[in-house]
DNA sequence: ATAATAATTGCATTTTATTGCACGATATGC
DNA sequence: GCATATCGTGCAATAAAATGCAATTATTAT
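Protein chains in written order, with the UniProt record's numbering: chain A, 1 to 249; chain B, 1 to 249.
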């Protein structure tokens with residue numbers, strides 16, 4: 001059995017069960033626990049899951065407590081969130097997609113700021129409950145348990161009825177030629193609808209995700225008005241975007 | 001069981017009940033109190049909860065409730081939730097309004113049961129994320145920060161498009177003559193819409209609330225099909241309902 | 001094709017982490 | 001103050017992690 005197959009298998013198990021035990025995987029795949037341990041170690045470094053004593057758990061496992069959600073690459077995401085904050089002005093209407101970077105952004109919103117904020121993300125909505133002057137409007141729909149956002153026709157329908165000033169579009173993969181791509185088809189549909197409902201699209205994106213590709217396309221790079229990364233402006237990774245009509249932060 | 005799972009479980013309990021007892025957690029998880037104590041110690045250092053003598057409490061929320069009263073009320077609500085569970089059958093479509101009793105109900109749904117569940121309540125949606133076979137459909141709308149449910153035209157509109165088998169209508173006040181009443185006008189509108197979208201209306205209600213009155217009327221007692229309280233069937237408090245067309249549990 | 005090199009895997013050993021229990025100290029409720 | 005419950009600490013048993021090593025399997029170069 002190929003290592004890659006095992007990795008996929010493990011990730012799949014984690015996706016389904018939110019957790020796996022080393023010994024279970026070793027049994028199921030007929031390999032030693034050491035091998036599985038090494039696999040999980042690698043997937044942990046790749047931030048595909050979280051290694052814990054005895055097994056691994058899904059990164060999005062905090063189904064239980066979105067408020068206390070642990071965030072990976074927190075440093076980078078915090079920097080991005082700080083930058084993104086600068087784009088928000090008192091009284092605006094914004095739209096926050098899901099994702100931990102946007103969760104960080106929500107957490108950092110000044111306590112006194114007056115905003116209207118649409119979101120389909122459960123953790124973000126919970127976070128925003130603490131901001132007394134932010135009017136939160138939740139996009140209804142079927143809850144996707146993986147991503148903890150609502151999806152489906154009802155949600156897209158609700159999105160079609162709004163027009164916001166800025167959309168902060170959490171981004172899994174951004175590629176200079178292929179644009180934004182996503183693993184989950186339903187989320188693709190949601191993100192397309194969000195872009196359509198927004199006057200300005202801002203994409204907060206940690207640098208690891210630049211250049212990567214997923215299965216489905218959301219939109220081209222030209223649809224994004226602002227790209228926020230944790231990098232310094234002169235970083236070579238950003239060169240590919242420099243002659244495009246996109247603002248870099 | 002993985003340590004991380006215990007931690008999530010404990011945080012979940014804290015999030016829902018605002019407080020937990022070491023001994024309860026130890027019982028529920030079948031581990032020693034020492035282990036739970038250590039878990040809580042770690043979560044305390046991580047500032048995810050506050051460790052107190054005998055257990056732990058939530059960091060941010062309303063800890064103003066006297067501890068003794070809280071658990072008392074919780075026990076009643078748990079009893080009610082247990083009774084309510086009996087009404088739910090595999091494959092049904094249900095609607096859960098907000099409120100802590102319904103949250104208890106959501107928490108107790110069997111892990112394997114297959115259901116479709118509509119709700120406008122943020123805490124309930126979060127809770128239901130853990131039930132893998134429950135399809136959760138969130139009623140979108142403006143989030144009321146007090147009640148943590150969505151309200152307003154958009155939510156009522158979404159409710160108008162559905163018809164569910166059973167609605168569990170968390171009830172603040174039930175009066176034999178005046179019917180169900182509520183303090184908050186927006187919630188009244190939501191509850192009216194929920195009743196309208198349901199074939200059967202079940203009202204879980206702790207006995208303190210029987211006979212009390214609030215500002216606005218939701219509906220008459222005749223609109224409620226089942227009233228669930230923590231009381232025994234022969235309790236005198238229930239007499240007023242006995243010649244009405246309402247099932248008592 | 002074949003040899004050299006690198007990667008992968010399983011096993012043995014050592015190190016570390018987790019867990020439950022015992023015991024004395026401390027806090028709580030009456 | 002007394003009885004009870006909870007806390008903190010140390011300890012031992014167990015489980016899992018890390019490490020080194022040898023055998024096997026892939027990959028590459030010639």
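Yeah, the Cβ is synthetic: ideal placement off N, Cα and C, and Gly gets one too.
Every alpha helix (DSSP H) of 4 residues or more that sits fully in the UniProt domain "HTH deoR-type" (3 to 58) of chain A is shown, in chain order, as 3 to 17, 22 to 29, 33 to 45. The three-state secondary structure of residue 237 of chain A, taken from DSSP, is helix. Membership of residue 204 of chain B in the beta strand (DSSP E) is indicated by the continuous run 198 to 204. Taking 8 Å as the cut-off, the beta carbon of residue 148 of chain A is found no closer than this to the beta carbon of residue 173 of chain A.
In this structure, residue 220 of chain B and residue 179 of chain B form a Cβ contact; the two beta carbons are roughly 4 Å apart against a cut-off of 8 Å.
Per the C-alpha coordinates, the member of A:5, A:170, A:217, A:213 positioned closest to residue 189 of chain A is A:217. Minimum Cα-Cα distance from residue 162 of chain B among the listed residues B:146, B:185, B:145, B:138 corresponds to B:138. In the three-state reduction of the DSSP assignment, residue 247 of chain A falls in the strand class, which pools E and B.
For residue 20 of chain B, no Cβ of chain A is located within less than 8 Å of the residue's own Cβ.
Using a Cβ distance threshold of 8 Å, residue 93 of chain A and residue 165 of chain A count as a contacting pair. Residue 182 of chain A: member of the beta strand (DSSP E) spanning 179 to 182, first to last residue.
According to DSSP, residue pairing for residue 212 of chain A in a beta bridge does not occur. Note: residue 218 of chain B is not bridge-paired with any residue in the DSSP secondary-structure output.
For residue 144 of chain A, the enclosing beta strand (DSSP E) begins and ends at 141 to 144. Annotation for residue 171 of chain B: no beta strand (DSSP E) segment contains it, and DSSP assigns it neither H nor E. When C-beta distances to chain B are compared with 8 Å, the residues of the region 126 to 146 of chain A below that value are 126, 128, 129, 130, 132, 135, 136, 137, 138, 139, 140, 141, 142, 143, 145, in chain order. Proximity to residue 89 of chain B across B:109, B:195, B:100, B:130 peaks at B:109, based on C-alpha coordinates. When DSSP states are grouped into helix, strand and coil, residue 124 of chain B belongs to the helix group.
With contacts defined by Cβ atoms closer than 8 Å, residue 228 of chain A and residue 198 of chain A do not form a contacting pair.
Within the same chain, Cβ atoms closer than 6 Å to the Cβ of residue 167 of chain B are found at 95, 194, 198, 201, the five residues on either side in sequence being excluded. Within 9 Å of the CB of residue 52 of chain A, the CB atoms of chain B belong to 2, 3, 4, 5, in sequence order along the chain. Under the DSSP assignment, residue 95 of chain B falls in the beta strand (DSSP E) whose first and last residues are 93 to 96.
Contact check between the region 125 to 133 of chain A and the region 74 to 83 of chain A: fewer than three CB pairs, one atom from each, fall below 8 Å, which does not count as touching. With contacts defined as CB atoms closer than 8 Å, residue 27 of chain A and residue 6 of chain A fail to qualify as a contacting pair. Contact of residue 55 of chain A with chain B is assigned, a C-beta pair being separated by under 8 Å.
Contact with chain A is found for residue 148 of chain B, since one of that chain's Cβ atoms lies less than 8 Å from the residue's Cβ.
Chain B has no Cβ within less than 8 Å of the Cβ of residue 59 of chain A.
Between residue 212 of chain A and residue 175 of chain A, the C-beta gap is smaller than 8 Å, which places the two residues in contact. C-alpha of residue 192 of chain B to C-alpha of residue 160 of chain B: approximately 10 Å in a straight line.
Proximity of residue 190 of chain B to chain A, defined by a Cβ-Cβ separation below 8 Å, is not satisfied.
Counting along the chain, residue 227 of chain B sits inside the beta strand (DSSP E) bounded by residues 226 to 228.
Taking a contact as a CB-CB distance under 8 Å, the pair residue 56 of chain B and residue 14 of chain B counts as one, their CB atoms being some 6 Å apart.
Under the three-state reduction of DSSP output, residue 223 of chain B falls in the helix class.
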